[in-house]
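K.L.:
Protein chains in written order, with the working numbering: chain A, 1 to 409; chain B, 1001 to 1409. Glycine included, each C-beta is placed from N, C-alpha and C at the ideal position. In this text, all values refer to a predicted model and were calculated from it rather than measured experimentally.
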């Protein structure tokens, strides 16, 4: 008998028919003798509907009240799923985040889980109940409702698995696992049987949408065995997220290629190449709550240099405004330029650590396709490049082929 | 400075535009220096939408889980109203039933309020905040979410007013007060400036939809000053629900005429006229959870009698089934007959107590219109008759005129 935490996302519970389907799958697991805690998201579209209502009343909704409104989405789903389970003769009980004491900090709309009191869930599991918990939400120490931000239901599932010391945390999504890259771009993309936490983290931060990045961090920190599976296919084994130690033997060079079109590039031209210049530029950007991803500063000539960074495309205009109004004249930059038509393509793999030549092979492949690289950044297990967004598919396909990702590792 | 509890129903918060309107009215009250607690219902239609989702999964949804789902309706509204208030620069904070410790019993879908901890609200009011509370819901002693049943938001408002010892509890509805009868039936119907709790209770139980009956009971029990007002008209004073003592001086004979078409009549024919027969008939009906309203037993001839009662029209068929299957042969009744095309018309007034002749004047009026009376029941301050439903409007208009209810009292 194993204790398993399963998480079903918004698409998996998108209609009452699909909720019934989730109940059927839960029933199947029960017949194998497992204990189950099920975490669910809001019905797909519901969070956006509630957000739109809120924005009709406040263009920037009050964060505390927004969380009160948004938390209802998951609360509806837990009740409906329990009804579907009970209708099948399965004993089940639903809990909001607050009811199972998911204590968070008070950072409304992006709260972090501090503690979970698992006693009530343990008692229910011992009594043979399926425990259904609302994802995405908790309570702060004062009893205010908080939410964990987009994708927070994954984090709830992993946090519950950690608190309960579950044997496995299964994330059901609309894909059947983690692929070498997006199969919609590269039909030859191959499902990975396993991938390390570090690779998963880098892939998530590089744009892979399979798992929410904080949930992967959480799983890594608490050593939760995590598996990504399809909500809609019955059989597959999905992808297991492993600790590097487990799989050292047959480590692939490159696990996958991630990409995203969500970023924009900003360049501050002709700035003095002196200490403190990066802070002079990025300080005001940070103060405006704009997150910066890649940062590049070239060696300068004549004491002048160009300084580039990328931001989320939604914050592109805001970043330009900050630079033009608060930075440009202050640091005597010659110009502020920007480009929103870029994309980032990243190769991820723990094998990179011990194999030289990955970067040069990547750059050569892109050069052979005539693709100009605008920015480069590297980490221990990732190389990211910024290129013109029109080359994105071409670049991903060429790299997938060059690194033979379509071949079983 | 007064402490006022205001309740806005589903129609009053039916759109974001209307929620903004509620915020505007709250703002106006604040400028008069009052402290305000605002109770809101779910956006109109939302409870029915959620109920329909539940019924897609279970024809009779699990009561505990149904309450989890339904309670979200009010939770959405409290957050949205707070946003509208904050957008106007008003300090406001929302609370679910659980967050202000509205403790109920565990009768899911029709829970009763046991206790309210008002400390948190008092602290907020003292700090100059408008407190916005979700109607219709609470928590039981185990922390399970409960709801109070249809119209429960009125009860929440009155219970909060009682706990806070508020100066007045104002119920905003889509009518501007309590009328002598429904103005859609009798255009001459007149708004009452005041009506007693007892009259209000009898009118609610007789079909008047203005206030939920439990909220009136609650207000009477805790001596809460209650006023019904229009959500949509700015000026009117509505109708004050008073204690009889307050208004003894100018007591009207009859305050109003209530009516409903929600009932059906059932008659058990030719039963032995002996002790225990009423229990033999109504015992099984009660066991089937069918509520009975009027009950009539005529004096018998030849040791046989007819026994009639009314039930809600939704439970008419169920009542007939129970009688035919469990009662008829057991008590040797000659026949079971029923009629769903009836209505009940009731005249209500505390003045009835001290004035004879109301009943005979009522019966004469109906006779003059050629309306046959099928059943009669009376209380100290109410006379109800059951008649063919096709005569309902005619009867109400004739009685309204005969008792000069269109004339100011």
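Examine the Cβ distances between the stretch 1057-1074 of chain B and the stretch 1128-1146 of chain B and report whether three or more of them are shorter than 8 Å.
P.N.:
At 8 Å Cβ cutoff, the stretches touch.
K.L.:
Assuming contact is defined by CB atoms lying nearer than 8 Å, are residue 5 (chain A) and residue 219 (chain A) in contact in what I supplied?
P.N.:
No, the pair does not count as a contact, with Cβ atoms beyond the cut-off.
K.L.:
What is the DSSP secondary structure of residue 1113 (chain B), reduced to helix, strand or coil?
P.N.:
Reduced to three states, the DSSP call for residue 1113 (chain B) is strand.
K.L.:
Measure the Cβ-Cβ separation of residue 129 (chain A) and residue 98 (chain A) and say whether it is below 8 Å.
P.N.:
Taking 8 Å as the Cβ cut-off, residue 129 (chain A) and residue 98 (chain A) do not qualify as a contacting pair.
K.L.:
Given that a residue counts as buried once 16 or more other Cβ atoms are within 10 Å of its Cβ, and exposed if not, what is residue 1202 (chain B)?
P.N.:
Counting Cβ neighbours within 10 Å, residue 1202 (chain B) comes out buried, since at least 16 surround it.
K.L.:
Identify which residue in A:89, A:289, A:338, A:256 has its Cα closest to the Cα of residue 398 (chain A).
P.N.:
Among A:89, A:289, A:338, A:256, the Cα nearest to that of residue 398 (chain A) is on A:256.
K.L.:
Pair every Cβ in the stretch 185-204 of chain A with every Cβ in the stretch 334-354 of chain A, then say whether three or more of these pairs are closer than 8 Å.
P.N.:
Counting Cβ pairs under 8 Å, three or more are found: they touch.
K.L.:
Could you tell me whether the Cβ of residue 1084 (chain B) comes closer than 8 Å to any Cβ of chain A?
P.N.:
Residue 1084 (chain B) counts as touching chain A.
K.L.:
According to DSSP, simplified to helix, strand and coil, what is residue 1151 (chain B)?
P.N.:
Three-state DSSP puts residue 1151 (chain B) in coil, outside helix and strand.
K.L.:
With 16 as the cutoff for other CB atoms within 10 Å, does residue 1316 (chain B) come out buried or exposed?
P.N.:
Per the 10 Å Cβ criterion, buried.
K.L.:
Residues of the stretch 1036-1063 of chain B in Cβ contact with chain A at a cutoff of 8 Å, in chain order, please.
P.N.:
Against chain A - using a Cβ distance shorter than 8 Å - the residues of the stretch 1036-1063 of chain B are 1050, 1053, 1054, 1056, 1057, 1058, 1061, 1062.
K.L.:
Cβ of residue 1193 (chain B) within 8 Å of Cβ of residue 1239 (chain B)?
P.N.:
Contact: yes.
K.L.:
May I ask you to list, following chain order, the residues of the stretch 68-100 of chain A that have a beta carbon less than 7 Å from some beta carbon of chain B?
P.N.:
Against chain B - using a Cβ distance shorter than 7 Å - the residues of the stretch 68-100 of chain A are 68, 69, 72, 75, 76, 78, 79, 80, 82, 83, 84, 86, 87, 94, 99.
K.L.:
Quick one: residues in its chain with C-beta nearer than 6 Å to the C-beta of residue 322 (chain A), no 5 flanking neighbours on either side, listed in chain order?
P.N.:
The residues are 284, 285, 288.
K.L.:
Look at the alpha carbon of residue 1134 (chain B) and the alpha carbon of residue 1011 (chain B), and state the distance between them as a whole number of angstroms.
P.N.:
Answer to the nearest angstrom: the Cα atoms are 15 Å apart.
K.L.:
Quick one: which residues of the stretch 1019-1035 of chain B get their C-beta closer than 8 Å to a C-beta of chain A? List them in chain order.
P.N.:
Within the stretch 1019-1035 of chain B, the residues whose Cβ lies closer than 8 Å to some Cβ of chain A are 1019, 1020, listed in chain order.
K.L.:
Establish whether the CB of residue 441 (chain A) and some CB of chain B are separated by less than 8 Å.
P.N.:
Residue 441 (chain A) falls outside the range modelled here, since chain A spans only 1 to 409, and no answer is possible.
K.L.:
Do residue 180 (chain A) and residue 34 (chain A) have their beta-carbon atoms positioned less than 8 Å apart in this structure?
P.N.:
No, these two residues do not count as a Cβ contact at 8 Å.
K.L.:
Could you tell me if residue 57 (chain A) is buried or exposed, where buried requires 16 or more neighbouring beta carbons within 10 angstroms of its beta carbon?
P.N.:
Answer is buried; the Cβ neighbour count reaches 16.
K.L.:
In angstroms, rounded to a whole number, what distance separates the CA positions of residue 1295 (chain B) and residue 1307 (chain B)?
P.N.:
Residue 1295 (chain B) and residue 1307 (chain B): Cα-Cα distance of roughly 8 Å.
K.L.:
So, is residue 1001 (chain B) buried or exposed, given that buried needs 16 or more other C-beta atoms within 10 angstroms?
P.N.:
Exposed, by the Cβ-count rule.
K.L.:
Could you tell me if residue 1370 (chain B) is buried or exposed, where buried requires 16 or more neighbouring beta carbons within 10 angstroms of its beta carbon?
P.N.:
So residue 1370 (chain B) counts as exposed.
K.L.:
Against chain A, with Cβ distances strictly below 8 Å, would residue 1276 (chain B) count as a contact?
P.N.:
No, because no Cβ of chain A sits closer than 8 Å to the Cβ of residue 1276 (chain B).
K.L.:
Is the CB-CB distance between residue 73 (chain A) and residue 102 (chain A) below 8 Å?
P.N.:
Cβ distance not < 8 Å, so residue 73 (chain A) and residue 102 (chain A) don't count as in contact.
K.L.:
Kindly list the residues whose CB is nearer than 6 Å to the CB of residue 331 (chain A), restricted to its own chain and excluding five residues on each side of it in sequence; keep chain order.
P.N.:
Once the five neighbours on either side are set aside, the close Cβ partners of residue 331 (chain A) are 271, 280.
K.L.:
If you count every other CB in all the chains shown that lies within 10 Å of the CB of residue 114 (chain A), and 16 or more means buried, which is it?
P.N.:
The residue is exposed, with fewer than 16 neighbouring Cβ atoms inside 10 Å.
K.L.:
Whose Cβ in chain B lies nearer than 8 Å to the Cβ of residue 16 (chain A)?
P.N.:
Those within 8 Å of residue 16 (chain A) in chain B are 1053, 1056, 1057.
K.L.:
From what residue to what residue does the alpha helix (DSSP H) around residue 1133 (chain B) run?
P.N.:
Premise fails: residue 1133 (chain B) lies in the beta strand (DSSP E), 1130-1134, not in any alpha helix (DSSP H).
K.L.:
Can you give me the start and stop residues for the beta strand (DSSP E) that residue 227 (chain A) sits inside?
P.N.:
Where residue 227 (chain A) is concerned, the enclosing beta strand (DSSP E) stretches over 226-230.
K.L.:
Going by Cα to Cα distance, which pick from B:1312, B:1404, B:1333 is closest to residue 1361 (chain B)?
P.N.:
For residue 1361 (chain B), the nearest C-alpha among the options comes from B:1404.
K.L.:
Leaving out the 5 sequence neighbours to the left and right, which residues in its chain are closer than 6 Å to residue 1069 (chain B) when beta-carbon positions are compared?
P.N.:
Once the five neighbours on either side are set aside, the close Cβ partners of residue 1069 (chain B) are 1050, 1054.
K.L.:
Using a 10 Å radius around the Cβ and a threshold of 16 neighbouring Cβ atoms, would you call residue 1390 (chain B) buried or exposed?
P.N.:
Per the 10 Å Cβ criterion, exposed.
K.L.:
Would you mind stating whether residue 1292 (chain B) and residue 1309 (chain B) have Cβ atoms separated by less than 8 Å?
P.N.:
Yes. Within cutoff.
K.L.:
If the criterion is Cβ atoms closer than 8 Å, does the pair residue 311 (chain A) and residue 264 (chain A) meet it?
P.N.:
In this structure, residue 264 (chain A) lies closer than 8 Å to residue 311 (chain A) by Cβ.
K.L.:
Can you list, in chain order, the residues of its chain whose CB lies under 8 Å from that of residue 1355 (chain B), leaving out five sequence neighbours each side?
P.N.:
Cβ within range, chain order: 1253.
K.L.:
Quick one: list the residues of chain A neighbouring residue 1010 (chain B), beta-carbon separation under 9 Å, in chain order.
P.N.:
Neighbours of residue 1010 (chain B) on chain A: none; closest Cβ ~15 Å, over 9 Å.
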